Amino acid sequence: MSQVRLDQVTKSFGSVEVIPPLDLAIADKEFVVLVGPSGCGKTTTLRMIAGLEQTTSGEIRIGERDVTTLRPGLRNCSMVFQNYALYPHMTVAENIGYGMKVRGTPKQDIDAAVANAARILNLGAYLKRKPNALSGGQRQRVAIGRAIVRQPDVFLFDEPLSNLDAKLRIEMRTEIKLLHRRLKTTIVYVTHDQVEAMTMADRVVVMNQGRIEQAADPITLYESPKNLFVAAFIGSPSMNFIEGQLVQNAGGIAFQAEGGVDISVPTQRAERLSVAVGQSVVLGIRPEHTMVGDSNVSTVSLHVADIEPLGPYTLAIGKVGAAAFTAQIHASSRVGPDDRISVPIDTQKMHFFLKSTGDTVG
Ligand code: ATP
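In full-length UniProt numbering, the protein residues as written are 1 to 362.
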């Protein structure tokens, strides 16, 4: 069993605490992605699991073992880095087998392990090449191969796809997912790219300033963000936010804001939102929830500044009142800059956040 547990782990560099007490439990064979903006502490957390960075306090366990003070080589984790860290003068086969050679593994065992990794990663044809004769994606596969031959309990990936072009990144995403299914090991994966996180993870851990904002499966994060930070971070293009008030009127509860925004809240949600009546709230609505509506549709007036035709649909970017707003509209719509259009809102898909705390309400 190779579950990973962080209990009250902290990290300070000098007097600056970059990770306040952090608790995180990763299940055996789980694929967990740590995601968040630059500087939020993802890499530091990963490096503490690897043992490349000492914790300031707290405890890290891998399986049944307390590894908090163990050196990296004894933790049975393999780390794959963004820059691949391959030896340029060695062939692919030598790079993959290097760690085993250093540990004095017999040559025939190394050869068998290298052949197995090459088969899994489709590198068989390249074993005699040097890294400079490989594409970025092939180099990254060699780096992963080197991690595989160690048969680690836990794979740690630190932004492994950042140096690849967009198309290759998507291909490697699938490859790493397949690899996880095949090897059945625990993976902790760091990225700043929320799409990468959402497409790969069993569970996404959204970090901000060293803290966990929310840890959940991708669909839960998308549909039920706990707060404004997660709502803004997850989804592309990002959720629209309009500041306003919830008011009680004859017809029930409505959201009102500058720019003539007046949207009735569906009755099923009114009870849970009643606590926020009279308070400043932020309405969140994703661009993709502005096109298709059912009976629960309301409209806002969008002053269009720009149009982005994406093929299957078009994005209309502009303002609703003072708030920046992006709407997904039909590809066939004849809308241009400076038009004012009426945008349907799927009121079942609205999110509300308390302005005072940023927490989701209702
Ligand atoms: P990125 O996506 O940019 O890599 P990250 O979320 O991985 O960011 P970390 O690299 O973990 O963030 O850094 C977290 C914070 O700790 C940052 O504010 C960073 O400046 C600081 N930090 C990291 N390493 C050190 C160090 N060796 N000495 C001092 N401060 C450090």
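Where is the CB? At the ideal position from N, CA and C, for every residue including glycine.
Keep in mind that this is a model prediction, so the values were computed, not measured.
Whole-number beta carbon distance between residue j and residue i, since they are thought to touch under 8 Å
i: T185; j: V154; result: 7 Å
i: S224; j: S264; result: Contact flag wrong, Cβ pair sits at about 22 Å.
i: D338; j: K226; result: Wrong, their Cβ atoms sit about 38 Å apart, outside the cutoff.
i: Y222; j: I212; result: Rounded, the Cβ-Cβ distance is 17 Å, inconsistent with contact.
i: L273; j: F352; result: 6 Å
Cα-Cα separation, residue i to residue j
i: I49; j: V335; result: 52 Å
i: G51; j: A166; result: 31 Å
i: E196; j: T91; result: 30 Å
i: S15; j: T56; result: 11 Å
i: Q108; j: G97; result: 11 Å
i: T357; j: G104; result: 57 Å
i: T314; j: V67; result: 51 Å
i: R75; j: N132; result: 31 Å
i: V35; j: T45; result: 11 Å
i: I341; j: Y87; result: 58 Å
i: G293; j: K349; result: Confidence in G293 is poor, its pLDDT being 46 and thus under 50, which makes the residue's placement unreliable; the coordinate value appears in the next sentence. Their backbone Cα atoms lie some 10 Å apart in a straight line.
i: D346; j: C77; result: 46 Å
i: S236; j: N122; result: 32 Å
i: D111; j: A216; result: 41 Å
i: K319; j: A327; result: 10 Å
Residues bridged to residue i [DSSP beta-bridge criterion]
i: V230; result: Answer is none; V230 lacks a bridge partner.
i: T357; result: DSSP lists no partner for T357.
i: Y189; result: V33, F157
i: G14; result: G14 pairs with nothing; no bridge assigned.
i: I307; result: A316
i: L283; result: I242, F352
i: H330; result: Y313
i: N95; result: Paired residues: none, contrary to the question.
i: D262; result: Q256
i: R164; result: The question names Arg, but residue 164 in the sequence shown is Leu. L164 pairs with nothing; no bridge assigned.
Beta carbon of residue i nearer than 7 Å to that of residue j
i: E243; j: G321; result: no
i: V4; j: K11; result: no
i: H180; j: F31; result: yes
i: G230; j: V206; result: The sequence shown places Val at residue 230, not Gly. It is a contact, given that the beta carbons lie within the stated cut-off.
i: A276; j: V361; result: yes
i: P20; j: G210; result: yes
i: N83; j: V142; result: no
i: A117; j: G136; result: no
i: V33; j: L22; result: no
Listed by chain order, which residues have C-beta atoms less than 5 Å from any heavy atom of the ligand ATP?
F13, V18, S38, G39, C40, G41, K42, T43, T44, H192
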